[in-house]
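To keep things clear, I will list the structure first and then write my remarks on it.
In my numbering, the protein residues as written are -6 to 287.
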């Protein structure tokens, strides 16, 4: 290649690179893909549907989000990501989180002072519990919920025969304990509360309890499993790492629960990564569900 040809190629490369750089700053939003399900919206929620292994927002998704946000201009939002059952648990949890995070970021672009809470269910809690292309399409989704607290949403989704409620001092924050006391628990359900001071105690209503002291989570849960009847469904609500149990651990509980056919579901509020892994792992090990937002 002679000097003139080389310089011409170099100039062309620079011009092309600059054009690509300008284009990349303003990427085109993908149009609505063919054969994709139509998003569903009502006053209580917006459901966005996704393609296989996809977490991008298409033009119709952004339009539907803008319209939904206008209906709820002062709301706080919960954003839940879901997948179909294909793929490993860890892969689906990560994919669901990518979907939820994409929607969360868009909401923050529209409402810069908004702080949505996002979580991933992975393949858990399918909208349609079948093995078909139609069912998979319904299950690949993000659900956007206005004016729901983590506590009320978790308790609604994870209905149980017995509820174990963390009553440690950190749960005393008004937004937490008010949500606990105002929730309408099923009439048949038994309620238990725990903290270091009271231990594990059966209650008729959370209004009887004043949050205080530490969090003996695993000891309290193990005691509850040991005294529960066979095939009991237990939902655990906690906001912190166990800082009191000496002889109990999450590793010792699944075997006792499975021996009695007890299913444990878990709700974690503002927990750290390690605690999230423990709560999700416990729910999976006993065939329960979990609601542990990031």
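Beta carbons are placed, not taken as given, at the ideal position from N, Cα and C, and that holds for glycine.
When Cβ pairs closer than 8 Å are counted between the two stretches, the region 177 to 189 is seen not to touch the region 239 to 249, the count staying below three. Rounded to whole angstroms, the separation of the alpha carbons of residue 157 and residue 54 is 38 Å. Between the alpha carbons of residue 226 and residue 245 lies a gap of roughly 18 Å.
Look at residue 111 here: in three-state DSSP terms it is strand.
Residue 163 holds the alpha-carbon nearest to the alpha-carbon of residue 235 among 249, 163, 41 and 224.
A distance of 9 Å or more separates the beta carbons of residue 148 and residue 281. The alpha-carbon separation between residue 103 and residue 59 amounts to approximately 8 Å. The alpha carbon of residue 176 has as its nearest neighbour, out of 198, 165 and 189, the alpha carbon of 198. Taking residue 216 as the centre and dropping the five residues before and after it, the same chain places the C-beta of 193 closer than 7 Å to its C-beta, in chain order. Counted as a single uninterrupted DSSP element, the alpha helix (DSSP H) harbouring residue 278 occupies residues 266 to 278. Cβ-Cβ distances below 7 Å link residue 250 to 218, 257 and 279 in the same chain, with the five nearest sequence neighbours on each side left out; the list follows chain order. Here residue 97 is near residue 72, since their CB atoms are less than 9 Å apart. Within the region 165 to 211, the beta strand (DSSP E) runs of at least 3 residues that lie entirely inside it are, in chain order, 183 to 188 and 192 to 196. For residue 41, the pairing in a beta bridge is given by DSSP as 135. Taking all protein chains in view, the Cβ of residue 95 is crowded by 16 or more other Cβ atoms within 10 Å, so the residue is classified as buried.
Counted as a single uninterrupted DSSP element, the alpha helix (DSSP H) harbouring residue 143 occupies residues 143 to 150. Check the Cα spacing between residue 29 and each of 49, 169 and 112: the tightest is with 49. Using a 10 angstroms sphere on the CB of residue 57, the tally of other CB atoms reaches 16 or more, which defines it as buried.
Between residue 123 and residue 129, the alpha-carbon positions lie close to 8 Å from each other. Of the candidates 142, 86, 100 and 273, the residue whose Cα lies closest to the Cα of residue 115 is 86. For residue 232, no beta strand (DSSP E) encloses it, and the DSSP letter there is neither H nor E.
Taking a contact as a CB-CB distance under 8 Å, the pair residue 159 and residue 214 does not count as one, their CB atoms being some 10 Å apart.
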